[in-house]
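Since the structure comes first, as structure tokens, the remarks are kept for the end.
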Amino acid sequence: LGGSFTPVLGDTFDIILSDSYTGLFSNTLLPTLPTPGLSLEVIYADSSVRLAVIGVPTGLADKKDEDNIPKHFSLSQNYPNPFNPATHITYTLPRSNFVTLTIYNLIGKEVQTLVEEFQPSGSYSVNFNAAHLSSGVYFYQLKVVNNFVETKKMILMR
Numbered sequence: 107l108g109g110s111f112t113p114v115l116g117d118t119f120d121i122i123l124s125d126s127y128t129g130l131f132s133n134t135l136l137p138t139l140p141t142p143g144l145s146l147e148v149i150y151a152d153s154s155v156r157l158a159v160i161g162v163p164t165g166l167a168d169k170k171d172e173d174n175i176p177k178h179f180s181l182s183q184n185y186p187n188p189f190n191p192a193t194h195i196t197y198t199l200p201r202s203n204f205v206t207l208t209i210y211n212l213i214g215k216e217v218q219t220l221v222e223e224f225q226p227s228g229s230y231s232v233n234f235n236a237a238h239l240s241s242g243v244y245f246y247q248l249k250v251v252n253n254f255v256e257t258k259k260m261i262l263m264r
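In terms of the working numbering, the sequence shown is residues 107 to 264.
Printed below as a string of structure tokens:
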């Protein structure tokens with residue numbers, strides 16, 4: 107499928123790379139961004155490449171909305187900590203991006219992925235229920251593609 111398309115804020119697109127010699131799976135897509143203030147960002151995540159429409163459409167955001175946009179990426183300490191069996195994890199995004207929030211055990215094995223999606227800028231709170239896990243130390247990590255990675259420790263105490 108070739109041609110053009112008109113993405114909107116928050117859209118993401120998977121990109122299929124092809125062999126330039128054979129042209130296998132070769133398609134050309136030409137994005138059109140009719141709204142001023144939007145742009146396309148190429149996101150490299152593990153073995154995939156995505157396009158994301160980012161920005162604030164010119165004329166659509168007022169000053170009040172701009173004041174609520176976080177100034178920087180952050181990952182807060184979970185609350186409560188220690189916890190049994192549930193806790194809240196909060197984080198902020200100053201701009202739209204692909205976000206992954208993952209829980210790991212003490213030896214670094216992935217236990218659960220809580221968030222794995224494109225999210226607009228803002229503040230987020232995620233509830234983590236560890237009823238299925240044993241007591242101990244766990245880590246949670248926020249990855250924002252090409253921008254931010256932070257890991258924090260939490261304690262599940264039964």
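Beta carbons: idealized from backbone N, C-alpha and C, even for Gly.
List the endpoints of the continuous beta strand (DSSP E) containing residue i.
i	result
Ala192	Ala192 to Leu199
Val205	Asn203 to Tyr210
Gln247	Gly242 to Val250
Tyr261	Rather than Tyr, the amino acid found at residue 261 in this sequence is Ile. Note, Ile261: beta strand (DSSP E), Phe254 to Leu262.
Leu220	Glu216 to Gln225
How would you call residue i, buried or exposed, if buried means at least 16 neighbouring beta carbons within 10 angstroms?
i	result
Leu212	exposed
Ala236	buried
Val265	Nothing about residue 265 can be read from this structure; the chain reaches only from 107 to 264.
Ser240	exposed
Asn203	buried
Report all residues from its chain with a CB closer than 7 Å to the CB of residue i; omit the five preceding and five following residues, and keep chain order.
i	result
Val243	Leu212, Lys259 and Ile261
Leu181	Tyr197, Leu248, Glu256 and Lys258
Asn233	Ala192 and His194
Could you name the residues of the same chain whose beta carbon sits closer than 6 Å to that of residue i, not counting the 5 residues immediately before and after it, in chain order?
i	result
Lys169	Note on Lys169: pLDDT 49, under 50, position unreliable in the model; no value is reported.
Phe254	Phe179
Glu222	Thr206
Ser231	His194 and Thr196
Are the region 182 to 189 and the region 207 to 223 touching, with three or more C-beta to C-beta distances below 8 Å?
Verdict: no, contact absent.
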